[in-house]
Amino acid sequence: KYEKVWLVFGIGCLFVFLTIVGVSAFAEGNQPPSCLTTIDPEKVDQTPPFNKPGLVKTGDNEYQLNIVASAFAYTPNQVEIPKGAKVTINVTSKDVIHGFEVVGTNINMMVEPGYVNSFTKTFDKTGEYTILCNEYCGAGHHMMTARIKVV
Ligand code: CUA
2 KYEKVWLVFG IGCLFVFLTI VGVSAFAEGN QPPSCLTTID PEKVDQTPPF
52 NKPGLVKTGD NEYQLNIVAS AFAYTPNQVE IPKGAKVTIN VTSKDVIHGF
102 EVVGTNINMM VEPGYVNSFT KTFDKTGEYT ILCNEYCGAG HHMMTARIKV
152 V
């Protein structure tokens, strides 16, 4: 009699685990942390906010930094951010896949044509940060950099 109870309990547990694994895999597969928004790569220049790339103040100490990547540069390629600002960086590409790594931070995104990738970070320390393309994108790949200045 007790064996039957345990058997049912065991099978029940198995189903619960499989369901959790299945649901989380499905949810993550469908909605990765990046690639949330799609954009027409040929109309990046006309699509807000990328028609006016750069830093935009969105709230008290909160900013949006919209950056367009194209072979072989970022637009804008130099940005000044006030110290302590919480910045949501949105990047997209006009042509091929680029990288977006901010050296010395945990910001490291892929920049894909057709998608907007985002990362939010608070810049607490003053200094200069280099943005690098870490995805091979063509002959000028090694020259593709930009700079963030936290002042
Ligand atoms: Cu852009 Cu490598």
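This note's numbering puts the first residue of the sequence shown at 2, with every later residue one more than the last. A virtual CB, placed ideally from N, CA and C, is assigned to each residue, including glycine.
On the CB-based measure, 16 or more other CB atoms within 10 Å of its CB, does residue i come out buried or exposed?
i: residue 143; result: exposed
i: residue 78; result: exposed
i: residue 70; result: buried
i: residue 130; result: buried
i: residue 141; result: exposed
i: residue 21; result: exposed
i: residue 49; result: exposed
i: residue 6; result: exposed
i: residue 137; result: exposed
Which whole-angstrom value describes the C-beta separation of residue i and residue j, a residue pair presumed to lie in contact below a C-beta threshold of 8 Å?
i: residue 118; j: residue 88; result: With a Cβ gap of about 14 Å, residue 118 and residue 88 do not count as contacting.
i: residue 113; j: residue 94; result: 6 Å
Is residue j closer than 8 Å to residue i when the C-beta atoms are compared?
i: residue 122; j: residue 132; result: no
i: residue 51; j: residue 90; result: no
i: residue 82; j: residue 149; result: yes
i: residue 13; j: residue 73; result: no
i: residue 45; j: residue 66; result: no
Original post:
Which ranges would you report for the beta strand (DSSP E) in the stretch 91-138 if only whole runs of at least 3 residues count?
Top reply: 99-103, 109-112, 116-124, 128-133
Subject >> Segments of 3+ residues assigned as beta strand (DSSP E) that fall wholly inside the stretch 18-80 >> reply: 55-60, 63-71, 74-76
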